[in-house]
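A.B. asks: Got a structure for you, written out below as structure tokens; questions coming shortly.
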Amino acid sequence: MSAAIVAALVVGGVAFANAKKTVTIAIDGKEKTVTTYGDTVADVLESEGVDLRAHDAVAPQLGTAVDEGSRIAVSYGRQLTVKVDGAKQTYWTTATNVDDALAQIGQRFTGSAELSTSRSASISRDGMTLVVTTPKDLTVTVGKRKPVDVSTLGPTVNEVLIENGVKLTPYDEVKPKLSSRVDDNMSIVVTRVTKKKNNVVVSVPYDTVVRADASMYVDKARVARDGKAGTERVTYKIVRVNGKLVRDRVVAREELTAAVTKIEVHGTKERPAPAPEPAPTPAPAPTPAPAPAPEPAPAVNYEPGSSVWDTIAQCESGGNWAINTGNGYYGGLQFSAGTWTGYGGGAYAPTANLASREQQIAIAEKVQAAQGWGAWPSCAAQAGLL
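Under our numbering, the first residue of the sequence shown is numbered 16, with each subsequent residue one higher.
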């Protein structure tokens, strides 16, 4: 081998040896030392199979030449989606845990904010969705109670009510609806609604039929069968809103005993004409008879009184304790049939208008004890009781 060839090989070997370098690569803070023949940062990373993406950070830049002992730092980019009280925003970060990522994007969420994961949780290269709930100040009103100020992290109306121990019935009404998201200064109102059925046994009056009898004179009549009242079970549906009665109506009737119809027989036979009387002897002029007593007035009962019940009766019925207007309400205090019998009025009379003033007041006192003056809302208000 010639001296020239030997010299060339020696020079080439020295150059090849000089191209070999030891480089440190740190990926997300984890370091490793590699031997490389690459000239640039990009060459070294490619030779080590490092897959770079658009949001990754590399220092020094990819085109930078590497020397013996160079250090290359790679920080993978991570997509962080942050939902704050339902509002979503997306960020790119090279931080590897939640706390550092929040600091990097300038969203610390200190204080009482609630995070869906711990601040020390790691963020993979695939990213993370972080849900943040901040405390809200709002008011909660339940039924007739006074509004209560609360501070909550509950995201929905339903969770706020659960958090504050508010139990709902199937008929309660909630505004806003349970699935509504909670906002600062929101007002949540729960209206208590109760619905129940009340069964009352009432008397059913009997009918009367009249049959003609041609064998009886027209001024004669007899009872062929006595009438008898029946009974039926009446079901009332009672609805109260925040304790106040708003509806009381009949929803069902069930016959328990049938009423027995009274049968009267009236004669239709005309009596024969009487024989003519002899002419009477003139008699002295008779003393004028007193004027007949006036016919009794229709059912009216204006019993005097000065109690609060008389004031309400004056407003409800003009003070007529025996009134039946045909609108479903009876007596001086205008009881419905259901309310009258439901509070024991049936012991006095089938409907209030057939009972005395004192009996009506006795039942009214039971109703007032159970329902308050709201049972007569308009007239009680005029009397200054509400």
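From the three backbone atoms N, C-alpha and C, an ideal C-beta is built for every residue, glycine too. Remember, it's a predicted structure, so these values are computed and weren't measured experimentally.
Would G245 and A273 be called neighbours here (beta carbons separated by less than 7 Å)?
C.D. replies: Yes, they are a contact pair.
A.B. asks: Hey, quick one: how far does the beta strand (DSSP E) through K159 stretch, first residue to last?
C.D. replies: First-last for K159: undefined, no H or E at that position.
A.B. asks: What are the residues that DSSP puts in a beta bridge with M201?
C.D. replies: Beta-bridge pairing links M201 to no other residue.
A.B. asks: Which same chain residues end up closer than 6 Å to T326 when comparing Cβ atoms and leaving out the 5 residues on each side of it in sequence?
C.D. replies: So the list reads A398, once near-sequence residues are dropped.
A.B. asks: Quick check on the DSSP output: the beta strand (DSSP E) that includes T50 runs from which residue to which?
C.D. replies: Per DSSP, T50 belongs to the beta strand (DSSP E) from 45-51.
A.B. asks: Taking the C-alpha atoms as reference points, what is the distance between K235 and Q329?
C.D. replies: Cα-Cα distance, rounded: 45 Å.
A.B. asks: Give the DSSP-derived three-state secondary structure of E61 in the structure shown.
C.D. replies: Of the three classes helix, strand and coil, the one that applies to E61 here is helix, per DSSP.
A.B. asks: Got a sec? Which residues, its chain only, sit under 7 Å from A34 by beta carbon, not counting five neighbours each side?
C.D. replies: If we look at A34 and ignore the five residues flanking it on each side, its Cβ neighbours are Y52.
A.B. asks: Under a three-way DSSP split, which group does E83 fall into?
C.D. replies: E83: coil per DSSP, three-state reduction.
A.B. asks: Contact between the segment 334-350 and the segment 372-382: three or more CB pairs below 8 Å?
C.D. replies: Touching, yes.
A.B. asks: Give me whichever residues DSSP pairs with H281 in a beta bridge.
C.D. replies: DSSP lists A227, A236 as partners of H281.
A.B. asks: So, R237 versus V280, is the Cβ gap smaller than 7 Å?
C.D. replies: Cβ distance < 7 Å, so R237 and V280 count as in contact.
A.B. asks: Locate the alpha helix (DSSP H) running through W107, then write down its first and last residues.
C.D. replies: No alpha helix (DSSP H) holds W107; the beta strand (DSSP E) holding it covers 102-108.
A.B. asks: On the three-state DSSP scale, how would you describe Y253?
C.D. replies: Residue identity differs from the one stated: residue 253 is Ile in this sequence, not Tyr. Strand at I253.
A.B. asks: Rounded to the nearest angstrom, what separates K277 and W388 at their Cα positions?
C.D. replies: Looking at the two C-alpha atoms, the distance is approximately 43 Å.
A.B. asks: May I ask you to report which of helix, strand or coil DSSP gives F31?
C.D. replies: Interpretation of F31 is limited by its pLDDT of 46, a score under 50 that renders its predicted location unreliable; the figure taken from the coordinates is listed afterwards. Helix.
A.B. asks: What is the DSSP secondary structure of A384, reduced to helix, strand or coil?
C.D. replies: Three-state result, A384: helix.
A.B. asks: Could you tell me the distance, in whole angstroms, from the CA atom of Y186 to the CA atom of K210?
C.D. replies: Distance between the alpha carbons of Y186 and K210: 8 Å.
A.B. asks: Would you mind reading off the limits of the beta strand (DSSP E) that contains Q94?
C.D. replies: Start and end: 93-99.
A.B. asks: Report the three-state DSSP secondary structure of A379 (helix, strand or coil).
C.D. replies: Helix at A379.
A.B. asks: Please classify D416: does DSSP put it in a helix, a strand, or coil?
C.D. replies: It is not possible to answer for residue 416, since the shown part of the chain is limited to 16 through 401.
A.B. asks: Would you mind working out which of V265, G360, E61 sits nearest Q375, comparing C-alpha positions?
C.D. replies: It is G360 whose Cα lies nearest to the Cα of Q375.
A.B. asks: Measure the C-alpha to C-alpha separation of N257 and S202 and round it to an integer number of angstroms.
C.D. replies: In a straight line, the C-alpha of N257 is about 18 Å away from that of S202.
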